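As structure tokens, the structure follows; a few thoughts come after it.
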Amino acid sequence: MEQKVDGIGHSHAKIILIGEHSVVYGKPAIALPLTTIQATAKLYFTNDSQQILQSSYFDGPLNKMPPAMLGLSHMITRILSQFHQEKIGFTLKIQSQLPAERGMGSSAAVAIAIIRCLYNAFNLKLTHNQTLRLANISETDTHKNPSGLDAATAASENPIWLIRGKELVPLPITMNAYLLICDSGVKGQTSKAIKVVSDNLAKDPSLTQKHLDELGALSSKVREQLAQNDVSGLGDSLNSAQKHLHLIGVSSQKLEKLIKIALQNGSLGSKLTGGGRGGCFINLTQSRATAEKLAVILKEYGVTKSWIQPLSSEIGGL
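Numbering of the sequence shown is given in the working numbering, commencing with residue 1 and proceeding in unit increments.
Okay, here's the thing in structure tokens:
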């Protein structure tokens, strides 16, 4: 029998439909929650003062967590300090269905599951804004200059429209189309990709800014296309976004090859999603059947996993 759980918290994956990278520079982005791909945190109080984290990535004391997890360590320490519970003993178990470094917001989802778990364990009320503020501690350590989009979507049941620091609103979507989300089989490199854009802005500010402006304009266009059920227009916008993402240096040879194959086999529009340099890419199809056929074809070319998402606010039909 499993021992009594003293606290539990859940979160989920996300994908960026459009606006990755440009969102860091004040442009709008649209993201979709994938609520069936879950991260769960469970806390068990112990009688000693040891603070243990158990996950597939690391199993050991909180103060011995590897560099890639220091953001989580800082965030947990901050929360315990707020609760005046710095010395309390516990085991914190993390279970995540999200593939890491694939642009699905794995680090944000785990952070939010932990925040919700700790507040639940100490029976304290947690607001949405508090959740995002605390997640930002971990995300800043992990991604250096995060947009906040991963955390906002991992904490929401609805699609999100976000302009960094200005606007964050739910976005109802009802469109007769599907997204095929594919894992390229190569880890994404979000921090590296963010640095590439920043370096390109320093080297060639006018050209790089032009691409970022175009990506921002495409996000606004996509918002209208989603409201008008303009599937064909949305496909064109996704293809245009991919061209700009490629030109600012955040795509990869493998992504470009897979996207080309997708467009030759039924995708109306394909682009990378998330940080880039690997990770996942998305493909717009008119029907679930087309998405299923495309998934089979792409698997032959190295795609390791696929998910099919109805493009509507009824998130969950994966």
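C-beta atoms are modelled at their ideal positions from N, C-alpha and C, and glycine is treated no differently.
Values in this document were obtained by computation on a predicted structure and should not be read as measured data.
For residue i and residue j, what's the separation of their Cα atoms in angstroms?
i, j, result
"glycine 317", "leucine 34", "Its pLDDT being 34, under 50, glycine 317 is placed unreliably by the model, and nothing is read from it."
"alanine 68", "histidine 74", "12 angstroms"
"aspartate 6", "tyrosine 44", "5 angstroms"
"proline 172", "leucine 179", "16 angstroms"
"serine 22", "glycine 233", "20 angstroms"
"alanine 31", "valine 169", "11 angstroms"
"glutamate 314", "asparagine 47", "Because the pLDDT at glutamate 314 is just 49, under 50, the model does not fix this residue reliably, and the point stays unresolved."
"asparagine 63", "proline 310", "42 angstroms"
"lysine 257", "tyrosine 301", "9 angstroms"
"leucine 263", "aspartate 141", "37 angstroms"
"serine 96", "phenylalanine 58", "13 angstroms"
"glutamine 242", "alanine 41", "35 angstroms"
"serine 107", "alanine 100", "8 angstroms"
"aspartate 38", "serine 237", "The amino acid occupying residue 38 in the given sequence is glutamine; aspartate does not appear at that position. Their backbone Cα atoms lie some 29 angstroms apart in a straight line."
"histidine 211", "glutamate 20", "12 angstroms"
"glycine 276", "histidine 12", "20 angstroms"
"leucine 218", "valine 231", "14 angstroms"
"leucine 118", "glutamate 167", "28 angstroms"
Name the two residues that bound the continuous alpha helix (DSSP H) containing residue i.
i, result
"proline 205", "205-227"
"glycine 60", "No alpha helix (DSSP H) holds glycine 60; the beta strand (DSSP E) holding it covers 59-61."
"lysine 42", "Counting along the chain, lysine 42 falls outside any alpha helix (DSSP H), though it belongs to the beta strand (DSSP E) covering 28-45."
"glutamate 157", "Per DSSP, glutamate 157 belongs to no alpha helix (DSSP H) and is neither H nor E."
"arginine 78", "70-82"
"alanine 262", "253-264"
Within the continuous beta strand (DSSP E) that includes residue i, where are the two ends?
i, result
"glycine 7", "7-18"
"valine 169", "167-170"
"threonine 91", "90-96"
"leucine 124", "Where leucine 124 is concerned, there is no enclosing beta strand (DSSP E), given that its DSSP letter is neither H nor E."
"glutamine 54", "51-54"
What are the partner residues of residue i, as DSSP defines its beta bridges?
i, result
"lysine 271", "Ile282"
"aspartate 183", "Cys280, Lys305"
"serine 312", "Thr174"
"leucine 247", "For leucine 247, which the question treats as bridged, DSSP gives no partner whatsoever."
"isoleucine 297", "None, per the DSSP bridge assignment."
"isoleucine 163", "Pro28, Glu167"
Closest by CA to residue i, which one among the options?
i, options, result
"lysine 27", "Ile88, Glu101, Asp213", "Asp213"
"lysine 14", "Thr77, Ile181, Ser252, Leu80", "Ile181"
"aspartate 183", "Ala121, Gly274, Phe83", "Gly274"
Would the beta-carbon of residue i be found less than 7 angstroms away from any heavy atom of the ligand ZN?
i, result
"glycine 71", "Because no ligand of any kind appears in the structure shown, any question about the ligand ZN cannot be addressed here."
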